[in-house]
Structures are given as structure tokens and as C-alpha cells.
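The block underneath contains the structure these notes are about, expressed in C-alpha cells.
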Amino acid sequence: LTQAMAGGQIDVLVLVDVNPVYAMPAKSGFADALGKVPLVVALASRSSETTARAAVVLPTLHPLESWGDYSPQEGVLGLLQPAMGPALIEGKPVQAKSPGDILLSLGRQALRLEEGKGPLPWPTFRDFLMEEWQKMARAQGSAEPFPSYWEAALRRGGVWRNVQPSAMGLRPEAGRISGAPAQLDGNGSHVLLVYPSSRFYDGRGADRAWLQEAPDPMTQVSWDAWVEVPTETATRMGIRRGDLLTLTSPNGSIELPAYPTDLVHPGAVAVPMGQGRKLSGAYAAGTPSTAASNPQPSTFLNVGANPLDLLGSAPDPASGGPIYLGVKVSLAQTGRRRALAVPQATFDQDERELAQYVALTAARELDLRGRPPADASHPSMYPPAKYAEYKWGMTVDVDRCTGCSACVVACQSENNVPVVGREQAAYGRIQHWLRLERWQEGTAAQPLNMFMPMFCQHCEVAPCEPVCPVYAAYHTREGLNGQVYNRCVGTRYCGNACPYHVRRFNWFNYTWPAPLEQQLNPDVTVREAGVMEKCTMCLQRIVAAKAQARDDGRAVRDGDMQTACQQTCPTRAITFGNLKDANAESAKLARSPRGYHVLGEIGTQPSVTYLKKVVRTEPAGGHKAAGGHA
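Mind the numbering: the sequence shown is residues 5 to 634 in the numbering used here, read in order.
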């Protein structure tokens with residue numbers, strides 16, 4: 005495409021929700037070639053480096069406001085339908101259309117067609133979609149009337165077909181590796197590895213404040229870009245975390261703060277892509293926003309850099325895309341610093357056994373022997389609590405958790421947790437009710453990384469409850485650790501008493517700039533300055549499930565409700581339910597031989613049970629030869 009544009013072979017180029025000017029290396033020549041196209045039309049829901057170079061920009065609806073379909077794999081046909089109407093700005097709907105409706109309208113005008121006639125007879129993209137699905141239903145031999153078929157597909161989210169497995173042919177040449185060394189540009193000291201961000205991929209999600217504030221799972225950095233420097237190199241050059249380094253390749257140079265780590269090869273440095281946006285919204289482009297949640301505009305200043313500026317112009321011969329591992333860079337210290345917002349101070353458990361693991365052979369032995377009895381050497385001074393019908397609890401399988409952080413963002417969305425911005429995040433004031441911790445065992449050569457969602461444990465003997473002078477923290481009749489916001493006077497005694505560090509204090513009255521106030525959950529109170537808050541196990545969903553069960557004249561069934569983090573987890577690592585119901589999935593998992601309580605030895609009696617990670621081999625420097633932790 006770049007060659008065709010540069011050669012004058014393209015007269016009109018229509019770009020739909022893509023940003024190649026940013027996502028392609030500067031040396032690729034795409035931006036210059038785009039300038040030689042007489043007419044560039046961009047269909048986009050937000051501004052970008054590409055829309056800035058387009059002659060015509062047509063605003064599109066967000067995917068949550070649009071119709072569509074998709075097929076991620078053979079036999080699976082999904083339907084997309086609007087979850088909301090067009091967003092309101094100053095009380096008026098945004099003047100935008102879906103990409104499908106825009107293309108239909110442009111096609112009719114280009115062919116001078118009347119609506120309903122000619123090769124484009126559909127008034128809207130939804131009509132086109134329905135006609136295509138009607139053809140598909142007939143091709144499948146469905147005898148059901150199409151209106152019923154369509155409504156059922158909308159309710160289910162699509163249709164699923166049984167697909168017969170087909171024979172697969174193997175190509176032996178695919179496994180032949182030449183062994184030739186990689187051809188790297190430049191004479192720098194380190195190989196540059198540019199990798200997609202786990203939060204916003206190649207930058208397409210960088211203007212979403214939720215994703216910016218969610219810490220990177222491996223480094224725990226939020227609101228910034230960084231360069232991962234091998235510990236050996238950092239020690240030799242005297243580099244500390246936050247020191248600004250200049251990375252120079254034959255194609256350009258950028259400045260990034262250093263992040264020393266032992267998880268990078270000694271001869272390489274790594275930089276995540278996605279930051280360094282120049283023409284986008286306030287959160288991605290680093291422009292101060294006076295309407296941001298925190299009253300200080302500079303708090304949302306994103307100061308990252310785009311590592312693609314260091315890459316060469318040659319495309320990957322196999323895919324045609326950029327070569328992300330193709331240059332060598334040199335490192336130079338600038339003498340300046342930029343502190344990184346890293347909420348997790350250390351990845352070393354210091355033998356506290358927070359995230360626990362068990363070897364595969366020992367896990368089998370545990371299944372046979374059962375869970376060891378609880379340690380009775382530390383009796384509680386409190387009488388055991390009694391619950392009539394419900395005792396809510398949760399299990400988290402550390403073995404299933406991949407560290408994707410979907411639970412963190414889901415909790416923030418469900419519970420009206422505000423975005424505080426880069427400056428406040430650097431002060432340790434992130435308001436997340438759920439944080440994703442990474443703990444590392446073993447050695448640099450053989451590391452074992454464990455991800456563990458950490459939130460309020462809803463302890464039976466909660467240290468936060470007796471220290472509150474106004475009874476804002478209390479224990480409910482269903483085993484939850486409650487919080488009465490209008491009682492709280494902000495002493496923060498509860499935060500000091502909590503051994504899990506899961507309570508959050510509101511330092512400001514946070515606001516949501518329009519139209520973000522429309523995404524607030526009306527079932528959850530918006531907290532004010534001076535108030536403590538924390539995980540409620542999605543109490544609003546519990547109340548709704550109990551109300552529905554009461555209307556139906558029954559008790560709440562297992563699975564009637566899910567917490568936001570549980571609903572979003574792609575690996576089903578989180579399970580919630582009534583621990584009084586012995587047949588509930590959460591109660592069964594809580595009795596698992598792999599189960600344990602974080603800091604259970606201090607006697608808090610958490611309602612959250614974690615399941616140990618299962619490892620095939622004991623990592624070097626492992627704690628116990630019997631297979632991990634007891």
C-alpha cells in the first residue's frame with residue numbers, strides 16, 4: 005500500500021478506525037506516501053495521527069453503539085448490537101453514524117442511487133445485516149421463521165454450529181530453522197525488542213484512562229512508557245529506576261525512564277509499544293485536561309515515547325508488517341530523572357508466602373491426603389460468627405490467573421472508582437479496589453511469576469472494624485465487611501489496621517468529564533473526599549439477586565449473580581457464592597486441598613480462599629522440597 009500511494013496509483017483512500025501513521029515506523033515512509041493521495045477519508049470515533057492527515061474526517065459511532073457481526077472461528081457466528089444510544093454531549097446526541105451506514109451512504113451517492121433501489125437497497129446497515137443473516141439461516145436449513153431466529157440469535161449473542169473436524173496437513177519445511185543469525189541494523193550495545201502492550205496493544209487503547217491507570221502486570225508501571233534494562237547493564241552503568249535514558253538507533257532516538265529488571269536478556273532492552281501518541285485525546289497525547297478528575301491539570305500528563313521511531317523501514321518478509329526485533333540501540337544517560345508510578349514496591353515475598361505454589365507431584369499427593377487441618381495454635385478471642393442463610397465468599401485460583409488485569413478495570417467500571425492520574429498514582433493514591441500483584445520466585449534464569457488479585461478479604465475477625473470510632477466499618481449478617489460512607493469521618497484508622505492494604509482514601513472530590521458521567525453505575529454511591537472505600541463483593545449485585553429470588557419465591561441459587569471481576573475473568577480464576585451452600589462451586593473450591601488464606605496465621609479468618617499455583621518443576625531456590633508451600 006505504501007508503494008502504491010507513493011507511486012500515485014491511489015486516488016481515493018478510505019481508512020476505517022485505523023491509525024497507520026502512528027502504528028507504522030516513521031522510516032517506513034507511510035506518512036509521506038499518504039500525503040500523495042489526492043483524497044484521504046478517515047472514518048473514526050476519535051482523533052488520531054492519521055485523522056490529522058485526512059482531507060475528510062467522518063465521525064463514527066463507538067462499537068458499543070453500533071450493529072455488526074463477527075466470526076472468530078469456524079462454527080461461531082457472533083452478533084453485535086448497540087448496548088446504548090449515541091452518547092450525549094450537552095444534552096444532545098453525538099452527530100455520528102456507524103461505519104457501515106456511512107459506507108452505504110457514500111456508495112449510494114457515488115453511484116447516484118436512490119434509497120431502496122439498485123445494488124445498495126438497504127436503508128441502514130442493520131437492514132443489510134438482517135438480510136445477510138436471513139440468507140445464512142436459509143443456507144443452514146432453518147425451518148424457524150426468521151423474526152424468531154433473529155431474536156433468538158440476539159438474545160444468545162449469535163449462533164453456534166457443529167463443525168466436522170477436517171484433516172490437517174503438516175509442512176515439514178515449517179519446522180526447518182536455518183540457524184542464521186538475525187540481521188540487525190546498527191552497532192549499538194543492546195538489541196531492541198518492541199512488544200505489544202498488554203493494556204492497549206499497539207496504542208489503539210491508549211486514550212482510555214482506565215487502561216492507562218491499570219498497572220502493567222509485569223512491571224506494575226502505570227501512566228508512562230519505560231525501557232526495561234537488564235540488571236547487569238544497570239549496575240555497570242549506574243542506572244537507577246526513573247533515570248532518563250536516550251535510546252539511539254540508525255533510524256532515530258527517544259528518551260525513556262529506565263526500569264532495571266532481571267527478566268530481560270543481558271544483551272537486550274525491551275520497550276512496550278502504545279505510548280507516545282501526539283494527536284489523540286488528553287489521556288494518550290499528554291495534553292493537560294482541565295476537566296479531569298483531579299483538580300490539578302498536569303496530573304493526566306502522559307509523557308511516553310513511541311519506540312516504533314527506532315525501527316527500520318524494511319518490512320517483515322513473512323507478514324509484511326514492521327520488524328519489531330531488527331535493530332540495535334545504544335544507551336546514554338541524560339542526567340535527568342522522571343519518577344515512574346509503580347504501586348507495588350517489591351516482587352519479593354520475603355518468605356511471607358502470599359502467593360503460594362505446589363509442585364505437580366505434590367498436588368496429586370494433596371488430592372489424596374486432603375487439606376491439612378488449620379493451625380489451632382493461635383486461638384481467637386472472638387466467638388465464631390453464625391450465619392442463617394447466606395455467607396458470601398470467594399475463591400481465587402492463582403494457577404489460572406494470567407495477569408491480564410481485566411478484573412481490575414471491570415471493578416473500576418462497576419463500582420464508580422475514579423481515575424486519579426499519573427501524578428497522584430506516583431504518590432500511591434490509585435483508588436483501585438482490586439489490585440493485581442505479581443510475585444516472583446526462583447532465579448533470573450528460571451523465574452516463576454505468580455499473579456494474584458488482591459482485594460478486601462472480608463475477614464471474619466476484621467482488624468478494620470473495631471478501630472473505627474464511628475462504626476463506619478462493620479460486619480454484616482451475611483459475612484461481608486461493610487462500609488457506611490456517610491458515617492466515615494476519614495480517620496484512616498481502618499486503613500492502618502488492614503494487613504492487606506486494600507482500603508482506599510478519597511483525597512479529592514473526583515469528577516467525570518462529559519460524557520464519561522454517563523457510564524457511572526446508578527446502583528453504586530459516588531464517594532466524596534475524606535471517605536474510605538474498598539471492595540464490597542459487588543453488594544449491589546447481591547441485593548439485585550436476592551430481590552429477584554424473593555419475587556420468585558425461592559432462595560438465591562448458585563450462579564444467580566457474579567461479581568464484576570468474576571464475570572470478566574477470561575480464565576474463570578475467580579468464583580463467588582454462598583459458602584453456606586455446600587454444593588455451591590465457591591464452597592467446593594474453598595475446601596480444595598490447594599486452598600489457603602493469605603496471611604492466615606494472623607487470625608483474620610478471611611472469606612477469600614486462594615488456590616495454590618501448580619508448577620511442573622520446583623523453581624531454583626524453591627522454599628520446600630516437598631513441593632512448594634505447606
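Where a beta carbon is used, it is the ideal one built from N, C-alpha and C, also for glycine. Quick caveat: nothing in here was measured; it's all calculated off a predicted structure.
{"Query": "Sort Glu155, Met456, Gly104, Glu118 by Cα distance to arginine 130 and report the nearest one.", "Result": "Gly104"}
{"Query": "Does the distance from the C-beta atom of valine 400 to that of lysine 616 stay below 8 Å?", "Result": "no"}
{"Query": "Can you tell me which of Pro123, Leu81, Ala501, Gly316 puts its alpha carbon nearest to the alpha carbon of glutamine 187?", "Result": "Gly316"}
{"Query": "Work out the CA separation of cysteine 468 and phenylalanine 1 for me, nearest whole Å.", "Result": "Nothing can be reported for residue 1, as the shown portion of the chain is limited to 5 through 634."}
{"Query": "Give me the Cα-Cα distance between serine 409 and phenylalanine 580, rounded to the nearest whole angstrom.", "Result": "18 Å"}
{"Query": "Is the Cβ-Cβ distance between histidine 462 and leucine 484 less than 8 Å?", "Result": "yes"}
{"Query": "Between the C-alpha atoms of tyrosine 205 and valine 268, what's the straight-line distance to the nearest angstrom?", "Result": "20 Å"}
{"Query": "If we call anything under 8 Å between Cβ atoms a contact, is valine 528 one with asparagine 420?", "Result": "yes"}
{"Query": "According to the Cβ coordinates, are aspartate 228 and arginine 203 closer than 8 Å?", "Result": "no"}
{"Query": "When the Cβ atoms of the segment 273-280 are set against those of the segment 229-241, are three or more pairs found closer than 8 Å?", "Result": "yes"}
{"Query": "Taking 8 Å as the limit between beta carbons, can you name the residues of its chain near alanine 262, skipping five residues before and five after?", "Result": "Trp230, Val231, Val233, Ala238, Ile243, Arg244, Arg245, Gly246, Asp247, Leu248, Leu249"}
{"Query": "Excluding the 5 residues preceding and the 5 following alanine 10 in the sequence, name in chain order all residues of the same chain whose CB lies nearer than 8 Å to its CB.", "Result": "Gly33, Asp36, Ala37, Lys40"}
{"Query": "For alanine 58, which residues of its own chain have a beta-carbon under 8 Å away from its beta-carbon, when the five flanking residues on both sides are left out?", "Result": "Leu19, Val44, Val45, Ala46"}
{"Query": "Beta-carbon separation of glycine 256 and leucine 329 under 8 Å?", "Result": "no"}
{"Query": "Roughly how many angstroms separate the alpha carbons of asparagine 23 and methionine 88, rounded to a whole number?", "Result": "25 Å"}
{"Query": "Assess, as a yes-or-no matter, whether the segment 65-80 is touched by the segment 98-117 under the definition of 3 or more beta carbon pairs within less than 8 Å.", "Result": "yes"}
{"Query": "With a cut-off of 8 Å on the beta carbons, I'd call leucine 603 and glycine 397 a contact; round off their distance for me.", "Result": "With a Cβ gap of about 16 Å, leucine 603 and glycine 397 do not count as contacting."}
{"Query": "Should cysteine 498 and methionine 536 be called a contact, given that it needs their Cβ atoms to be closer than 8 Å?", "Result": "yes"}
{"Query": "Going by alpha carbons, who is nearest to alanine 210 out of Leu438, Tyr26, Asn587, Cys492?", "Result": "Tyr26"}
{"Query": "What separation, rounded to the nearest whole angstrom, lies between the Cα atoms of glutamine 523 and histidine 436?", "Result": "17 Å"}
{"Query": "Within the chosen definition, does the segment 487-498 reach the segment 544-558 through at least 3 CB pairs nearer than 8 Å?", "Result": "no"}
{"Query": "Compute the Euclidean distance between the alpha carbons of aspartate 562 and threonine 608, then round it to the nearest angstrom.", "Result": "26 Å"}
{"Query": "Can you name, in chain order, every residue of its own chain whose Cβ lies under 8 Å from the Cβ of tyrosine 391, other than the five neighbours on each side?", "Result": "Arg481, Glu482, Gly483, Lys584"}
{"Query": "Measuring alpha carbon to alpha carbon, tell me which of Gln566, Pro254, Ala309 ends up nearest glycine 278.", "Result": "Ala309"}
{"Query": "Return the CA-CA distance between tyrosine 614 and alanine 430, expressed in angstroms with no decimal places.", "Result": "29 Å"}
{"Query": "In this structure, does DSSP put isoleucine 434 in helix, strand or coil?", "Result": "coil"}
{"Query": "For proline 450, which residues of its own chain have a beta-carbon under 8 Å away from its beta-carbon, when the five flanking residues on both sides are left out?", "Result": "One point to set straight first is that residue 450 is glutamine, not proline, in the sequence displayed. Around glutamine 450: Pro623, Ala624."}
{"Query": "Between Gly432, Asn587, Lys332, which has its C-alpha nearest glycine 190's C-alpha?", "Result": "Lys332"}
{"Query": "Opposite leucine 248 in the DSSP bridges: which residues?", "Result": "Pro261"}
{"Query": "Give the list of continuous beta strand (DSSP E) stretches no shorter than 3 residues that lie fully inside the segment 410-489.", "Result": "439-446, 451-458, 477-479, 485-487"}
{"Query": "Do you know offhand how far aspartate 15's Cα is from glutamine 144's?", "Result": "41 Å"}
{"Query": "Determine the contact status of valine 423 and glutamate 217, defining contact as a CB-CB distance below 8 Å.", "Result": "yes"}
{"Query": "Buried or exposed, going by whether 16 or more other CB atoms sit within 10 Å of the CB of valine 60?", "Result": "exposed"}
{"Query": "Per DSSP, phenylalanine 580 is paired with what?", "Result": "Met398"}
{"Query": "Measuring straight from C-alpha to C-alpha, what distance separates proline 383 and glutamate 605?", "Result": "10 Å"}
{"Query": "Which first and last residues belong to the beta strand (DSSP E) in which valine 493 is found?", "Result": "That residue, valine 493, is in no beta strand (DSSP E); it is neither H nor E in DSSP."}
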